[in-house]
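In numbering that gives the first Met the number 0, the protein residues as written are 0 to 79. Where is the CB? At the ideal position from N, CA and C, for every residue including glycine.
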Amino acid sequence: MEQVLEVYARRVRNALPRAQHVKEVVDAPCYRQAKRITLVCDNLNTRRLASLYEAFAPKEALRLARKLELVHTPLSMAAG
């Protein structure tokens with residue numbers, strides 16, 4: 000199993016740009032064949048799968064959500 004580690008940090012904290020970025024990651028050539036993509040996120044409310052349903056049609060949001068596993072940092076780490 001091949002594992003790829005990439006780190007992204009952006010200043011934008013809105014749900015819609017975040018959802019678009021997640022779609023770009025899921026559809027990127029290096030992840031297209033992945034069965035599961037793990038995203039490590041802080042605990043902001045924009046870091047939820049629900050933001051995909053705000054940004055995309057339900058069928059597309061479900062396609063993206065099925066490939067994702069969200070892991071949230073502990074609150075003590077997210078605050079720093």
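Check                                                                                                                                                                 : Outcome
Take residue 22 as the anchor and find which of 40, 67, 39 has the nearest alpha-carbon.                                                                              : 67
Below 8 Å on the Cβ atoms is my guess for residue 74 versus residue 63; work out the distance and round it to an integer in Å.                                        : With a Cβ gap of about 26 Å, residue 74 and residue 63 do not count as contacting.
Count the other CB atoms, across all protein chains shown, that sit within 10 Å of the CB of residue 17; report buried if there are 16 or more and exposed otherwise. : buried
What does the alpha-carbon distance come out to for the pair residue 25 and residue 36?                                                                               : 8 Å
Measure the C-alpha to C-alpha separation of residue 58 and residue 19 and round it to an integer number of angstroms.                                                : 15 Å
Using 8 Å as the threshold, is the C-beta distance between residue 15 and residue 40 below it?                                                                        : no
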